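Beneath this line is the structure, given in structure tokens, with notes to follow.
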Amino acid sequence: MTTPVTSPATPRSRTSIFFSYIRHELWRNLRMVDSLIFLIALPLVIFAVFGVASPGTDKHIPGGTIAAYVMVSLALYGAATAATSMAGAAAVEHDSGWGRHLALTGMRRGDYLAGKIIVSLLIACLPIGATFLLGILTTAQFDTPGIWLASAGLCLVGVFPFAFFGLAVALALRSETAVSIASGVVVLLAFLGNLFMPLSGAMMEMARYTPFYGAGVLAHWPQNGEVIITGAFATPGMPELLPTESFAWAIGNVVVWTLVFAALALLALRRSTVRR
97 MTTPVTSPAT PRSRTSIFFS YIRHELWRNL RMVDSLIFLI ALPLVIFAVF GVASPGTDKH
157 IPGGTIAAYV MVSLALYGAA TAATSMAGAA AVEHDSGWGR HLALTGMRRG DYLAGKIIVS
217 LLIACLPIGA TFLLGILTTA QFDTPGIWLA SAGLCLVGVF PFAFFGLAVA LALRSETAVS
277 IASGVVVLLA FLGNLFMPLS GAMMEMARYT PFYGAGVLAH WPQNGEVIIT GAFATPGMPE
337 LLPTESFAWA IGNVVVWTLV FAALALLALR RSTVRR
């Protein structure tokens with residue numbers, strides 16, 4: 097009697113495993129309602145206080161109202177915080193050994209981290225959408241409908257450096273508090289990057305080299321173009337001296353900081369692997 101020969105199961109391709117992981121991880125994070133509520137509510141509350149309830153935010157500036165400008169700033173901040181937190185959590189998971197378990201499925205370390213970056217960017221869309229929705233329902237107005245879509249899309253582009261930033265900080269510190277530390281640093285970077293309040297003078301010149309500056313210029317570009325809202329913006333009788341910034345500088349700022357944080361994340365990952 098001959099024993100039937102069974103063919104081994106066909107192994108899943110690397111691409112199939114990668115996208116299955118992204119679907120699973122995205123669904124897992126969407127079910128973490130408590131974390132999502134905080135990430136979405138934070139920019140909403142700040143926008144409601146400083147962009148809706150504050151007097152004078154219905155006044156018009158280039159491209160739309162002041163409320164619309166504040167809305168974009170806080171949507172970018174909320175998205176950057178979300179991406180930082182999600183990517184940072186990935187690094188903590190990796191350090192706890194979860195990455196080795198996933199390796200048994202055929203997923204490589206690079207695929208795991210890339211998947212986390214993609215999921216963090218997808219989650220970052222939630223605070224952008226929620227903040228823009230509140231703006232639509234309140235006092236935020238743009239001159240043309242296309243500015244809404246362009247501003248939202250460029251907010252997401254500006255989030256890329258912060259996804260790698262959260263990853264780098266968590267891999268370097270190797271503790272659960274790393275996510276909180278990274279989120280706290282994002283607040284400071286947002287202030288230094290001319291996102292929370294208009295800066296001027298030496299502070300404004302320094303801001304041009306910070307991670308949030310390029311992201312902020314890009315996000316506000318559909319509304320303001322090359323005009324930059326600074327502390328000198330409201331100087332009466334001097335419209336010809338309104339500060340401007342080039343689109344190329346903004347793109348370069350985002351690209352450079354993305355590469356810097358990605359390199360730091362890779363370095364931290366290699367060091368953690370060597371220590372093991």
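First residue of the sequence shown: 97, per the numbering used here; consecutive thereafter. Beta carbons: idealized from backbone N, C-alpha and C, even for Gly. A quick note: this is a predicted structure, and the numbers were derived from the prediction, not measured.
In DSSP terms, what residue i is bridged to
i	result
Gly160	Ile157, Phe238
Val323	Thr340
Extent of the continuous alpha helix (DSSP H) run through residue i
i	result
Tyr117	110-126
Ser271	No alpha helix (DSSP H) contains Ser271, which DSSP labels as neither H nor E.
Val129	129-143
Gly289	Counting along the chain, Gly289 falls outside any alpha helix (DSSP H), and DSSP gives it neither H nor E.
Phe146	Element bounds for Phe146: n/a, residue is neither H nor E.
For residue i, the three-state DSSP class (helix, strand or coil)
i	result
Asn349	helix
Ser169	helix
Tyr305	coil
Leu230	helix
Pro151	coil
Met182	helix
Pro257	helix
Ala361	helix
Leu218	helix
Would you call the region 238-245 in contact with the region 278-295, where contact means no fewer than 3 C-beta pairs closer than 8 Å? The count of Cβ pairs closer than 8 Å, one atom from the region 238-245 and one from the region 278-295, stays below three, leaving the stretches out of contact.
Decide if the region 260-270 is in contact with the region 354-365; the criterion is three or more beta carbon pairs, one per stretch, under 8 Å apart. In this structure the region 260-270 touches the region 354-365; the number of beta carbon pairs closer than 8 Å is three or more.
Report yes or no: do three or more beta-carbon pairs, one from the region 105-125 and one from the region 157-165, lie closer than 8 Å? Counting Cβ pairs under 8 Å, fewer than three are found: no touch.
Would you say the region 297-306 touches the region 216-230, given that touching needs at least three Cβ pairs under 8 Å? Touching, no, given that fewer than three Cβ pairs across the two stretches are closer than 8 Å.
On the three-pair Cβ rule with 8 Å, is the region 203-215 touching the region 305-316? Per the Cβ contact rule, the region 203-215 is not in contact with the region 305-316 (fewer than 3 Cβ pairs under 8 Å).
Taking 8 Å as the threshold, find out whether the region 340-351 comes into contact with the region 270-282 through three or more Cβ pairs. As far as the Cβ criterion goes, the region 340-351 does not touch the region 270-282, which means the pair count is below three.
Three or more C-beta pairs below 8 Å linking the region 160-177 and the region 303-314: Flag = yes, the region 160-177 and the region 303-314 touch.
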